[in-house]
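Down below is the structure, laid out as structure tokens.
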Amino acid sequence: MTMPFAGFKYPDSFNIGDHIQSLAAEQFIPSVTKRFNRDNLRHVKYSKPISLIMNGWFSHNPRNTFPPASNIIPIYWGLHLTNWNTTIDYLISSTATIDHLKLHSPIGCRDLYTHQKITSLGIESFYSKCLTLTFPKRKVKHSQKWIMIVDVPVPLPGFVESVSIRVSHQLSSDVSERDKFKQASQVLALYRDCASMVITSRLHCALPCIAMGIPVIFIGNPFDYRVSLISDLGLPIYQVPSSVYSYDGNLQRESLLGFWQSINWDPKVIDFESEKAKLIQRFTDHLSLMISKHQ
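If you're matching positions, the sequence shown starts at 1 in the UniProt record's numbering and goes up one per residue.
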């Protein structure tokens with residue numbers, strides 16, 4: 001790989017799930033020469049061709065993101081198009097973006113909905129899953145005795161909370177970009193070295209933990225295509241009922257107990273090693289192919 005690589009930076013994001021996705025992608029490249037704002041790729045000023053693995057959530061500002069600047073050689077893998085804003089509508093209406101995606105196809109998509117949407121525009125695409133599933137499996141240690149509760153919005157049973165550490169992927173707004181990446185690395189090491197199980201609402205907590213061989217309980221919306229990969233891996237998605245909180249914000253214990261009773265508190269490790277090896281091989285082959293097209 002003689003072409004230099006860029007990486008993302010996320011000045012407007014304080015969710016280290018973004019940085020965890022970058023750490024996953026950067027396992028496969030020699031180094032990061034330059035970091036570009038994920039949400040401002042259209043306006044990047046860089047004098048030479050540079051490759052960029054385009055994995056992740058797009059976009060806070062689609063008009064400033066697509067199509068990326070012409071010197072960026074994008075490697076699309078794990079692309080997720082949000083319906084949270086106008087991203088999909090903009091993509092459909094932007095001839096320049098459609099032409100760009102066709103030029104750099106096939107497009108690897110993190111979820112089946114994004115894959116179907118891209119394909120419907122006449123762009124070759126495939127279901128790639130996510131690179132956060134490629135982190136190495138951990139070694140068993142005596143220190144792995146704590147349940148990690150990560151951004152779960154309700155209390156959990158006493159037998160869980162009493163042996164748990166509560167963690168958040170949300171950072172304060174004064175954290176530097178360098179420290180965001182540092183904290184992302186640290187939280188992955190915390191899960192790897194100390195977790196007996198992880199209970200989380202965060203996709204990029206769950207997927208790395210599955211890759212590392214940690215049992216996972218996932219709390220979320222089973223109808224949200226953003227997290228549909230969880231179901232595709234065979235993991236249940238437990239949804240907190242809206243009735244858990246009353247109109248004035250008070251916990252409704254009966255509803256909370258029903259939610260607790262719906263959960264399997266002894267999940268098994270998902271054996272993902274064989275699929276992980278195939279995923280890594282597919283990605284490295286794709287990476288080499290796409291770079292060779294532009295050299």
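For every residue, glycine included, the Cβ atom is placed at its ideal position computed from N, Cα and C.
**Counterpart residues of residue 80 in DSSP-defined beta bridges** = 57
**Request:** Taking residue 76 and residue 54 to be in contact with their CB atoms under 8 Å, please state how far apart those CB atoms are, rounded to whole angstroms.
**Result:** 5 Å
**Message:** According to DSSP, residue 95 sits in a beta bridge with which residue or residues?
**Reply:** For residue 95, which the question treats as bridged, DSSP gives no partner whatsoever.
**Item:** Buried versus exposed, by CB contacts within 10 Å (16 or more), residue 272
**Value:** buried
**Request:** Could you spell out where the alpha helix (DSSP H) holding residue 284 opens and where it closes?
**Result:** 273–292
**Which residues DSSP lists as bridging residue 36, in chain order** = 8
**Request:** Answer yes or no: do residue 105 and residue 151 have a C-beta to C-beta separation smaller than 7 Å?
**Result:** no
**Prompt:** If we count Cβ pairs, one from each stretch, closer than 8 Å, do we get three or more for the stretch 28–43 versus the stretch 217–232?
**Reply:** no
**Message:** One question on the structure: do residue 118 and residue 125 come within less than 7 Å of each other, judged by their Cβ atoms?
**Reply:** yes
**Item:** Endpoints, the beta strand (DSSP E) within which residue 166 is located
**Value:** 164–167
**Request:** Check each candidate in 174, 101 and 154 and name the one with the smallest Cα separation from residue 257.
**Result:** 154
**Request:** Evaluate the contact criterion for the stretch 2–20 versus the stretch 180–195: three or more CB pairs, one atom per stretch, below 8 Å.
**Result:** yes
**Message:** What would DSSP say about residue 22, mapped onto helix, strand or coil?
**Reply:** helix
**Message:** Just to confirm, is the Cβ distance from residue 4 to residue 72 under 7 Å?
**Reply:** no
**Prompt:** Going by Cα to Cα distance, which pick from 138, 206 and 192 is closest to residue 130?
**Reply:** 206
**Prompt:** Roughly how many whole angstroms lie between the Cα atoms of residue 243 and residue 224?
**Reply:** 19 Å
**Chain-order list of residues whose beta-carbon lies under 7 Å from that of residue 163 (same chain, five-residue window excluded)** = 146 and 147
**Euclidean distance between Cα positions of residue 238 and residue 56** = 23 Å
**Message:** Measuring alpha carbon to alpha carbon, tell me which residue in 74, 120, 110 and 63 is nearest residue 94.
**Reply:** 63
**Identity of the residues DSSP links to residue 170 by a beta bridge** = 15
**Message:** Taking the beta carbon of residue 175 as the centre, do at least 16 other beta carbons fall within 10 Å, making it buried, or is it exposed?
**Reply:** exposed
**Own chain, CB closer than 8 Å to residue 141, minus 5 neighbours either side, in chain order** = 193
**Request:** Determine which residues share a DSSP beta bridge with residue 245 and list them.
**Result:** 251
**Message:** Taking the alpha carbon of residue 167 as the reference point, which residue from 15, 11, 101 and 250 has its own alpha carbon closest?
**Reply:** 15
**Request:** Go ahead and label residue 208 buried or exposed: buried means 16 or more other beta carbons lie within 10 angstroms of its beta carbon, across all protein chains shown.
**Result:** buried
**Item:** Contacting residues, own chain, Cβ-Cβ under 7 Å from residue 246 (five flanking each side not counted)
**Value:** 252
**Message:** Can you give me the C-alpha to C-alpha distance between residue 284 and residue 6, rounded to a whole angstrom?
**Reply:** 17 Å
**Prompt:** Count the other CB atoms within 10 Å of the CB of residue 122; is the residue buried (16 or more) or exposed (fewer)?
**Reply:** exposed
**Prompt:** Where residue 100 and residue 83 are concerned, what is the direct C-alpha to C-alpha distance, given to the nearest angstrom?
**Reply:** 20 Å
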